[in-house]
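Student: I am attaching a structure below and will ask some questions about it afterwards.
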Amino acid sequence: MTGGIWEDERVVWREVVDGLADGAVAVDLEGMIRYVNPAFAVMTGYRASELLGASAPFCFWPDEHRPAIAAAFARTLSGVRADLDLLFRRSNGEHFPVIVQPSAVRIGDQVVGYLATIKDMTERRELQSALARSEERWRSVAENPFDFVVTLDRGYRYTYVNHTAPGLNAEDLIGKATPFDFTAVEHHSEMRAAFDAAFDQKQAGFYEVYVSSLKRWYSTIVGPIVEEGEVTGVSLLTRDVTSQKQAESALRQAQRMETLGRLAGGIAHDFNNLLVPILGNAELMLGTLSQTDPRISLLEDISDAATRAQQLVSRVLLYGRVSTEVRERVRVQDVVREVIRFMRAALPQNVQFTLSLDDECPAVHAAPAELHQVVSNLCMNAVQALTPGGGTVRVKVARVVSAEDAPRVQLVVEDDGPGIAEDVASHVFEPFFTTREVGEGTGLGLSIVHSLASRYGGSVALHSVVPHGARFEVLLPAAPVSVASVSA
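Okay, here's the thing in structure tokens:
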């Protein structure tokens with residue numbers, strides 16, 4: 032360097048080092064501090080006069096870390112140069128992380144000491160810690176065991192999955208598969224529209240799909256992933272909503288059946304009013320004719336038909352919730368024994384009943400005749416479901432506890448017939464729905480079971496997998512220990 036201020040290099044470099052934002056400390060070969068810049072004094076909270084001339088161990092070394100720092104300092108003085116990740120102490124006792132970068136100070140070819148630059152890493156470490164906490168929080172949310180969280184690239188390929196459905200693994204999905212590979216074609220246009228809205232317009236979207244292989248409904252929220260103003264991918268939050276769908280379907284079914292019940296009850300009342308004079312007049316005419324009168328057989332046919340019609344009306348009224356039966360404490364297991372005793376006497380030998388009845392099971396609060404209808408309808412339905420070669424009907428009564436911790440009585444009637452197809456199963460509780468030939472059934476049996484179970488605050492469900500039979504499960508609330516008889 033020549034001319035002007037550059038003639039005195041020592042002055043120039045002193046100004047340079049004094050102006051550094053990082054700390055700088057010079058020590059001689061004996062380990063005594065010969066120089067500190069203003070930044071290091073501010074960093075530690077000590078005055079330069081307190082630091083100059085000090086020898087190791089220094090006041091800014093924390094007591095608990097002095098042995099480790101002293102060893103690193105000794106290595107530096109011996110000529111070993113390496114960046115050091117250390118903890119220093121401020122004058123107020125606060126510890127703070129630093130990176131120390133030592134370099135040799137030479138005069139000619141001779142090393143006369145070391146100059147160390149010290150970078151305060153407090154802010155950077157806090158940012159790193161915040162980033163780590165943010166990532167951990169994101170992962171704890173994304174990798175929850177309940178929802179599927181995935182990301183897709185612009186080719187709709189998976190780039191991240193938090194977990195997979197049974198039988199799949201992340202290696203088979205990431206970079207290879209798309210959501211279209213696991214959904215029916217009829218859902219693809221709706222899915223693609225949601226993805227493209229996120230990619231092209233940065234809009235969130237939504238769709239629902241049914242996965243037939245899993246027999247589950249899934250609801251998905253789609254959102255854009257934006258980096259530096261550009262959409263680089265989309266995120267999908269997918270939740271299993273099968274239970275919700277089933278609950279909605281059950282609610283619609285209950286509302287539909289309630290409406291049909293009211294309609295059926297009104298019609299049945301009017302129909303019953305028409306039957307009363309028919310049956311009454313037939314009986315009066317029968318009393319006026321001699322036993323040899325050929326018209327007697329005609330009147331008896333009229334009377335029999337009217338009687339059967341009245342019996343059908345009574346069943347419709349029962350379904351329609353028009354009832355004056357008195358409720359009382361009834362043991363379901365006792366009703367089952369009575370129903371099976373009568374049925375066994377009338378059924379062929381190739382039809383067997385097996386019973387599993389818990390005698391400790393609590394009673395329910397019900398009308399005995401109506402509960403008898405529930406059991407007999409379910410058992411007769413199971414018998415009719417068997418093939419001509421016969422089979423077994425299994426009946427179980429047990430105590431269970433609901434999700435609300437309330438005791439309930441479980442009645443299960445199961446057959447080993449061919450089972451019920453899915454398209455039929457969704458209609459079995461509807462009134463007048465039957466798969467039997469004309470004249471073989473009214474289609475009211477299971478709808479009456481559903482109506483009575485609902486009336487008692489319970490439920491009935493069908494579980495069937497073709498060709499492995501059908502299982503009907505009725506849950507009724509257990510009666511309190513002391514219940515007075517009341518009108519139903």
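Using the numbering used here, the first residue of the sequence shown is number 32, and each one after it goes up by one. Positions of the beta carbon are idealized from the N, C-alpha and C atoms, including for glycine.
#1: Reducing DSSP to helix, strand and coil, say where residue 438 ends up.
#2: So, using beta-carbon positions, are residue 316 and residue 330 closer together than 8 Å?
#3: Using DSSP bridges, identify the partner residues of residue 250.
#4: With a 10 Å radius around its C-beta and 16 neighbouring C-beta atoms as the bar for buried, classify residue 416 as buried or exposed.
#5: In chain order, what residues of the same chain have a beta carbon less than 8 Å from the beta carbon of residue 371, not counting five sequence neighbours either side?
#6: What are the boundary residues of the alpha helix (DSSP H) that includes residue 453?
#7: So the alpha helix (DSSP H) residue 232 belongs to, where does it begin and stop?
#8: To the nearest angstrom, how far is it from the Cα of residue 278 to the Cα of residue 439?
#9: Does the separation of the CB atoms of residue 366 and residue 392 fall below 8 Å?
#10: Which first and last residues belong to the beta strand (DSSP E) in which residue 504 is found?
#11: Is residue 74 closer than 8 Å to residue 54 when the C-beta atoms are compared?
#12: Is it a yes or a no for the stretch 205-220 touching the stretch 183-190, going by three-plus beta-carbon pairs under 8 Å?
#13: Whole angstroms is fine: what's the gap from residue 353's alpha carbon to residue 399's?
#14: Taking only the alpha-carbon atoms, compute the straight-line gap between residue 248 and residue 213 and give it to the nearest angstrom.
#15: Mind checking if residue 495 is an interface residue toward chain B, Cβ cutoff 8 Å exclusive?
#16: Under the DSSP definition of a beta bridge, which residues are partnered with residue 388?
#17: Below 8 Å on the Cβ atoms is my guess for residue 133 versus residue 112; work out the distance and round it to an integer in Å.
#18: Identify, in the order they occur along the chain, each residue of the same chain with its Cβ nearer than 6 Å to the Cβ of residue 222, setting aside the five sequence neighbours on each side.
#19: According to DSSP, residue 179 sits in a beta bridge with which residue or residues?
#20: In the DSSP output, which residue or residues are listed as bridge partners for residue 91?
#21: Does the Cβ-Cβ distance between residue 540 and residue 401 come in under 8 Å?
#22: Helix, strand or coil for residue 190 per DSSP?
#23: CB residue 226 to CB residue 262, shorter than 8 Å?
#24: Could you pull out every residue in the same chain whose Cβ sits closer than 8 Å to the Cβ of residue 92, ignoring the five residues on either side in sequence?
#25: Helix or strand or just coil, what does DSSP make of residue 365?
#26: Where does residue 422 sit, in a helix, a strand or coil, going by DSSP?
#27: Using DSSP's beta-bridge definition, name the partner residues of residue 493.
#28: Closest by CA to residue 308, which one among 323, 328, 250, 338?
#29: Rounded to the nearest angstrom, what separates residue 379 and residue 429 at their Cα positions?
#30: Between residue 143 and the rest of its own chain, which residues show a CB-CB distance below 8 Å, the 5 nearest in sequence each way excluded?
#31: Need the endpoints of the beta strand (DSSP E) that residue 64 sits in, please.
#32: Tell me, please, which residues DSSP counts as bridged to residue 445.
#33: Secondary structure at residue 399, three-state DSSP: helix, strand or coil?
#34: If we count the other Cβ atoms within 10 Å of its Cβ and call it buried at 16 or more, is residue 373 buried or exposed?
#35: Return the CA-CA distance between residue 340 and residue 414, expressed in angstroms with no decimal places.
#36: When you compare the CB positions of residue 122 and residue 84, do they come within less than 8 Å of one another, or not?
Tutor: So, to answer that:
#1: Looking at residue 438 - three-state DSSP - the assignment turns out to be strand.
#2: Yes, these two residues count as a Cβ contact at 8 Å.
#3: Beta-bridge pairing links residue 250 to 239, 270.
#4: Classification for residue 416: buried.
#5: Cβ within range, chain order: 384, 386, 410, 426.
#6: Where residue 453 is concerned, the enclosing alpha helix (DSSP H) stretches over 453-456.
#7: 219-232 is the span of the alpha helix (DSSP H), which, as asked, contains residue 232.
#8: Each residue's alpha carbon lies about 20 Å from the other.
#9: Between residue 366 and residue 392, the C-beta spacing is not below 8 Å.
#10: For residue 504, the enclosing beta strand (DSSP E) has its first and last residue at 501-508.
#11: If you check the CB distance, residue 54 and residue 74 come in under 8 Å.
#12: Cβ pair count under 8 Å is three or more, so yes.
#13: Summary for residue 353: the model assigns pLDDT 48, below 50, so the residue's position carries little reliability; its value from the coordinates is reported in the next sentence. Going from the Cα of residue 353 to the Cα of residue 399 covers about 16 Å.
#14: Their backbone Cα atoms lie some 12 Å apart in a straight line.
#15: Absence of chain B from the displayed structure is noted, only one protein chain being present.
#16: Checking the DSSP bridge columns, you'll see residue 388 partnered with 428.
#17: Between residue 112 and residue 133 the Cβ distance is about 6 Å, and since that is below 8 Å, they are a contact.
#18: The residues are 238.
#19: The partner list for residue 179 (beta bridge, DSSP) reads 269.
#20: Bridge partners of residue 91: none, in fact.
#21: Since the first residue of the chain shown is 32 and the last is 519, residue 540 is not available in this structure.
#22: Correct three-state label for residue 190: strand.
#23: No.
#24: 100, 101, 119, 120, listed in sequence order.
#25: Under the three-state reduction of DSSP, residue 365 is assigned to helix.
#26: Correct three-state label for residue 422: strand.
#27: Residue 493 pairs with 503.
#28: The shortest C-alpha to C-alpha distance from residue 308 to any of 323, 328, 250, 338 is the one to 338.
#29: C-alpha separation (whole angstroms): 28 Å.
#30: Closer than 8 Å at the Cβ level, and outside the excluded window around residue 143, lie 59, 60, 136, 137.
#31: Counting along the chain, residue 64 sits inside the beta strand (DSSP E) bounded by residues 64-67.
#32: According to DSSP, residue 445 bridges with 425, 502.
#33: In the structure shown, residue 399 sits in a helix (DSSP, three-state: H, G or I).
#34: Flag for residue 373 reads exposed.
#35: Using only the alpha carbons, I get a separation of about 25 Å.
#36: No, the Cβ-Cβ distance between residue 122 and residue 84 is not below 8 Å.
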